[in-house]
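Per my numbering: the sequence shown ends with 330, consecutive numbering throughout.
The beta-carbon is built from N, C-alpha and C at its ideal position, and this holds for glycine as well.
The structure under discussion appears below in the form of structure tokens.
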Amino acid sequence: MNQLQNILFKLRRYFLLKFHKKQWRDKKYLSFDNISSVALLYYIDDYSKYEIVYKNIKDFTAMGKTVFSVLFVKKGVLAEEKRINMLLFTQNDCSWLCVPNDNIMLDALNMSADILIDISLMDSIPLQYIVANSQVGCKVAMKKENKFLYDLMIEMKEEQVNEDKLLETIAFYLKQIKS
152 MNQLQNILFK LRRYFLLKFH KKQWRDKKYL SFDNISSVAL LYYIDDYSKY
202 EIVYKNIKDF TAMGKTVFSV LFVKKGVLAE EKRINMLLFT QNDCSWLCVP
252 NDNIMLDALN MSADILIDIS LMDSIPLQYI VANSQVGCKV AMKKENKFLY
302 DLMIEMKEEQ VNEDKLLETI AFYLKQIKS
């Protein structure tokens, strides 16, 4: 079974790379002050992570930023009700290759954000399809296996990282960019 999962993972990663190569966008780096809208991506593997999502939305909104959230909810975790500017989907909304269905991809493509920040702490193929499909000018994440998807990656020690610390570190580096 382990070999089959390994083959399936490699197949999914191959198709993700192939999908990514077909996409085109203008890359644009902005300083934190020039960002007016943010797309935040989360992998929800525990119900308590919703609190982190809502806290981050509240914090960015308080800074005057418009926030869009994309949440991939792990099977078995109770899905919350959708809210304004929130896209929530599960494995049931994806193909066997982990490609989100057309409605999810279209909704994600219609997000008009200045920057996309992937706050998921682990590689998630469905979220990475959202990243690959997005036309957002700057894509930021913690260092992951599929480096080709992101414009800026932050490397952190695994024992130190959580969603709040990752977002705080990303915000610090974005404030250092002069545009």
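How far does the alpha helix (DSSP H) with residue i in it reach, from first residue to last?
{"i": "valine 204", "result": "200-213"}
{"i": "leucine 229", "result": "Run containing leucine 229: none; DSSP gives neither H nor E here."}
{"i": "phenylalanine 183", "result": "Counting along the chain, phenylalanine 183 falls outside any alpha helix (DSSP H), and DSSP gives it neither H nor E."}
{"i": "glutamine 154", "result": "153-172"}
Check each candidate in the options and name the one with the smallest Cα separation from residue i.
{"i": "alanine 230", "options": "Leu257, Val250 and Ser199", "result": "Ser199"}
{"i": "lysine 209", "options": "Leu191, Asp197 and Ile195", "result": "Leu191"}
{"i": "leucine 317", "options": "Asn297, Phe299 and Met293", "result": "Met293"}
{"i": "serine 246", "options": "Phe160, Tyr301, Met262 and Pro277", "result": "Pro277"}
{"i": "valine 334", "options": "Leu303, Asn254, Phe160 and Leu239", "result": "The chain is shown from 152 up to 330; residue 334 falls before or after that span and cannot be answered."}
{"i": "alanine 283", "options": "Asp196, Gln156, Tyr301 and Lys161", "result": "Tyr301"}
{"i": "glutamate 309", "options": "Ser285, Leu325 and Ser271", "result": "Ser271"}
{"i": "lysine 331", "options": "Met307, Gln311, Phe299 and Glu306", "result": "Residue 331 lies beyond the stretch modelled for the chain, which goes from 152 to 330, so this question has no answer here."}
{"i": "glutamate 319", "options": "Ser220, Ile203 and Arg163", "result": "Ile203"}
{"i": "aspartate 197", "options": "Tyr205, Gln174, Lys226 and Ser220", "result": "Lys226"}
{"i": "tyrosine 194", "options": "Ile321, Leu303, Phe211 and Ile281", "result": "Ile281"}
{"i": "isoleucine 268", "options": "Asp258, Val218 and Met307", "result": "Val218"}
{"i": "glutamine 327", "options": "His171, Lys172 and Leu303", "result": "Leu303"}
{"i": "arginine 163", "options": "Met307, Val312 and Gln279", "result": "Gln279"}
{"i": "leucine 325", "options": "Phe160, Lys172 and Asp184", "result": "Asp184"}
Looking only at its own chain, which residues have a Cβ that is under 7 Å from the Cβ of residue i, when we skip the five neighbours before and after it?
{"i": "lysine 329", "result": "Ser182"}
{"i": "isoleucine 235", "result": "none"}
{"i": "glutamine 286", "result": "Arg176 and Leu260"}
{"i": "glutamine 174", "result": "Ala283 and Asn284"}
{"i": "glutamine 242", "result": "Lys226"}
{"i": "isoleucine 321", "result": "Ile268, Val291 and Ile305"}
Which residues in the same chain as residue i place their Cβ atom closer than 6 Å to its Cβ, once the five residues preceding and following it in sequence are excluded?
{"i": "phenylalanine 166", "result": "Leu248"}
{"i": "aspartate 274", "result": "Lys295 and Glu296"}
{"i": "isoleucine 255", "result": "Phe240 and Asp244"}
Could you give the residue range of the beta strand (DSSP E) that holds residue i?
{"i": "leucine 192", "result": "188-195"}
For residue i, count neighbouring C-beta atoms within 10 Å of its own C-beta (all shown protein chains included) and say buried if the count is 16 or more, exposed if not.
{"i": "alanine 213", "result": "exposed"}
{"i": "glutamate 314", "result": "buried"}
{"i": "phenylalanine 323", "result": "exposed"}
{"i": "asparagine 95", "result": "Any property of residue 95 remains undetermined from this structure, which presents the chain solely from 152 to 330."}
{"i": "isoleucine 158", "result": "exposed"}
{"i": "asparagine 207", "result": "buried"}
{"i": "serine 263", "result": "exposed"}
{"i": "phenylalanine 393", "result": "As shown, the chain starts at 152 and ends at 330. That puts residue 393 outside it, with no answer to give."}
{"i": "phenylalanine 160", "result": "exposed"}
Using a Cβ-Cβ cut-off of 8 Å (strictly less than) and excluding sequence neighbours within five positions of residue i, which residues of its own chain qualify?
{"i": "lysine 216", "result": "Ile186, Ser187, Ser188 and Val189"}
{"i": "glycine 288", "result": "Arg176, Asp177, Lys178, Lys179, Tyr180, Leu181, Asp265 and Ile266"}
Just to confirm the assignment: which complete alpha helix (DSSP H) runs, minimum length 4, are found wholly within the region 231-314? 253-260 and 276-284
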